[in-house]
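K.L.:
Structure provided below as structure tokens; questions to follow.
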Amino acid sequence: MNGDTIITALTPLQADGLACVECRVDYFRVRVPHVPVGRSVTGSQVFACVGCCPADARRVAGGVRR
Ligand SMILES: [Zn+2]
Numbered sequence: 049m050n051g052d053t054i055i056t057a058l059t060p061l062q063a064d065g066l067a068c069v070e071c072r073v074d075y076f077r078v079r080v081p082h083v084p085v086g087r088s089v090t091g092s093q094v095f096a097c098v099g100c101c102p103a104d105a106r107r108v109a110g111g112v113r114r
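Sequential numbering from 49 applies to the sequence shown in our numbering.
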């Protein structure tokens, strides 16, 4: 898995990797473990909370957390 899946139909925050692509939580305001799950159409890395899609996120990212 290379994390280069292109994810479309994102909000501007999601597309910039600043919000969860699943639940749209703002990572500036909410500190939650999140992992890269792919890229937006602009090439920016996008993220999802570990709790939103734990199986997929851990498999794609190899368990990277903040
Ligand atoms: Zn989330």
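Just so it is clear, CB atoms sit at the ideal spot from N, CA and C, and this is done for glycine as well. Owing to the predicted nature of the structure, the values given are computational and were not obtained by experimental measurement.
Output yes or no for whether 8 Å exceeds the beta carbon distance between I55 and V69.
P.N.:
yes
K.L.:
Taking 7 Å as the limit between beta carbons, can you name the residues of its chain near T59, skipping five residues before and five after?
P.N.:
A67 and R72
K.L.:
When you get a sec, list the residues whose CB is within less than 6 Å of any heavy atom of ligand 1, chain order please.
P.N.:
C68, E70, C71, V73, A96, C97 and C100
K.L.:
With 16 as the cutoff for other CB atoms within 10 Å, does F76 come out buried or exposed?
P.N.:
Its Cβ having fewer than 16 others within 10 Å, F76 is exposed.
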